[in-house]
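A short write-up of the structure that comes next.
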Amino acid sequence: MNKQAQLYEGKAKKIFLTDDPDILIVSYKDSATAFNGEKKGSIKGKGEINNRMTNYLFRLLEKEGIPTHYIKELSGRETAVKRVEIVPLEVIIRNVAAGSFSKRLGIAEGTVLKEPTIEFSYKNDALGDPLINSSFARALGLASEEEIDTIKNYAFKINQILKRIFLAAGLKLIDFKIEFGRYHDKIILADEISPDTCRLWDVTTNEKLDKDRFRRDLGNVEEAYVEVFSRLGLNG
Ligand code: UDP
Numbered sequence: 004m005n006k007q008a009q010l011y012e013g014k015a016k017k018i019f020l021t022d023d024p025d026i027l028i029v030s031y032k033d034s035a036t037a038f039n040g041e042k043k044g045s046i047k048g049k050g051e052i053n054n055r056m057t058n059y060l061f062r063l064l065e066k067e068g069i070p071t072h073y074i075k076e077l078s079g080r081e082t083a084v085k086r087v088e089i090v091p092l093e094v095i096i097r098n099v100a101a102g103s104f105s106k107r108l109g110i111a112e113g114t115v116l117k118e119p120t121i122e123f124s125y126k127n128d129a130l131g132d133p134l135i136n137s138s139f140a141r142a143l144g145l146a147s148e149e150e151i152d153t154i155k156n157y158a159f160k161i162n163q164i165l166k167r168i169f170l171a172a173g174l175k176l177i178d179f180k181i182e183f184g185r186y187h188d189k190i191i192l193a194d195e196i197s198p199d200t201c202r203l204w205d206v207t208t209n210e211k212l213d214k215d216r217f218r219r220d221l222g223n224v225e226e227a228y229v230e231v232f233s234r235l236g237l238n239g
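To convert, take the position in the sequence shown, counting from 1, and add 3; that gives our numbering.
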């Protein structure tokens, strides 16, 4: 398959067409943004880490029965994926209170939730990705009831699998954001799973090893991404 014109450039990735209408190439960038694009920067080596880590996790998820858009890793930064129509929902699963959840509900960061919980945001940069519920998603025509049920089931199952994988690497999965797409009318996992989209804390010290180091100016940002990558056994 041959890489063709660029289709789109987002905050962290570029997307290219190929000669196969069902296949796109994703190219991960080192650029980083936070707070709806207000804070901008770059994290050296992030593109390659996020690409390789996402592909590793998507292959494991596929083995556990979660359909994903992953086809083939082409290089450090580039991957062939199935061309999907993205469902305009950010699906967030939380195991431990942090970030906007802690702020909105007045719950200390680090409070372990009684059960994992799911949250939807409407993917819309101009509105700052507002929090919505599944009734809003249906009413706005963002997804059908059946699609939302599928998304919820996959999201909680993905959480169980990821928690296990990260715990084996000495990391607590606090929360994460995933996105789904429609591929020939079926819902599949798309986008990425990386320290950009997950909160990962060291299992003993609770040191933050994710994008919060960039968001909150905690320092050692590159080092945190490399640490997660190598704990997953992906270095070398
Ligand atoms: N997240 C993300 N993209 C977004 C918003 C959130 O990947 O646009 C991830 C974030 O890294 C965290 C989880 O989703 O792992 C929950 O984020 P939260 O709602 O607490 O938002 P934040 O505090 O990052 O604004």
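The beta-carbon is built from N, C-alpha and C at its ideal position, and this holds for glycine as well.
Owing to the predicted nature of the structure, the values given are computational and were not obtained by experimental measurement.
Test item: CB-CB of residue i and residue j under 9 Å
{"i": "residue 124", "j": "residue 88", "result": "no"}
{"i": "residue 241", "j": "residue 175", "result": "Beyond the ends of the chain as shown, which are 4 and 239, falls residue 241; an answer cannot be given."}
{"i": "residue 79", "j": "residue 62", "result": "no"}
{"i": "residue 190", "j": "residue 150", "result": "yes"}
{"i": "residue 96", "j": "residue 181", "result": "yes"}
{"i": "residue 212", "j": "residue 230", "result": "yes"}
{"i": "residue 168", "j": "residue 101", "result": "no"}
{"i": "residue 179", "j": "residue 165", "result": "yes"}
{"i": "residue 53", "j": "residue 199", "result": "yes"}
{"i": "residue 209", "j": "residue 113", "result": "yes"}
{"i": "residue 43", "j": "residue 20", "result": "no"}
{"i": "residue 144", "j": "residue 72", "result": "no"}
{"i": "residue 137", "j": "residue 117", "result": "no"}
{"i": "residue 45", "j": "residue 35", "result": "yes"}
Residue from the options with nearest C-alpha to residue i
{"i": "residue 217", "options": "41, 117, 91, 138", "result": "41"}
{"i": "residue 236", "options": "198, 172, 160", "result": "172"}
{"i": "residue 126", "options": "81, 136, 90, 147", "result": "90"}
{"i": "residue 50", "options": "115, 38, 14, 101", "result": "14"}
{"i": "residue 12", "options": "5, 4, 33", "result": "33"}
{"i": "residue 47", "options": "110, 234, 233, 223", "result": "223"}
{"i": "residue 228", "options": "9, 57, 76", "result": "57"}
{"i": "residue 122", "options": "37, 139, 30, 238", "result": "139"}
{"i": "residue 232", "options": "203, 219, 207, 220", "result": "203"}
{"i": "residue 119", "options": "109, 104, 146", "result": "104"}
{"i": "residue 77", "options": "4, 110, 156, 219", "result": "4"}
{"i": "residue 188", "options": "146, 74, 107", "result": "146"}
{"i": "residue 234", "options": "74, 110, 59", "result": "59"}
{"i": "residue 134", "options": "22, 107, 74", "result": "107"}
Residues sharing a beta bridge with residue i, DSSP
{"i": "residue 71", "result": "192"}
{"i": "residue 9", "result": "19"}
{"i": "residue 36", "result": "43"}
{"i": "residue 176", "result": "203"}
{"i": "residue 78", "result": "Residue 78 is not bridged to any residue."}
{"i": "residue 89", "result": "184"}
{"i": "residue 27", "result": "20, 84"}
{"i": "residue 134", "result": "124"}
{"i": "residue 97", "result": "120, 178"}
The alpha helix (DSSP H) enclosing residue i, as first and last residue numbers
{"i": "residue 226", "result": "224-234"}
{"i": "residue 211", "result": "Note, residue 211: premise wrong, no alpha helix (DSSP H); not H, not E."}
{"i": "residue 4", "result": "No alpha helix (DSSP H) holds residue 4; DSSP gives it neither H nor E."}
{"i": "residue 140", "result": "137-142"}
{"i": "residue 170", "result": "148-171"}
{"i": "residue 49", "result": "49-66"}
{"i": "residue 108", "result": "102-108"}
Boundaries (first-last residue) of the beta strand (DSSP E) holding residue i
{"i": "residue 117", "result": "115-125"}
Quiz item: Does the segment 55-75 come close enough to the segment 155-169 that 3 or more CB-CB pairs lie under 8 Å?
Solution: yes
Quiz item: Does the segment 190-200 come close enough to the segment 128-135 to have 3 or more Cβ pairs within less than 8 Å?
Solution: no
Exercise. Would you be able to state if there are at least three C-beta pairs under 8 Å between the segment 72-86 and the segment 20-27?
Key: yes
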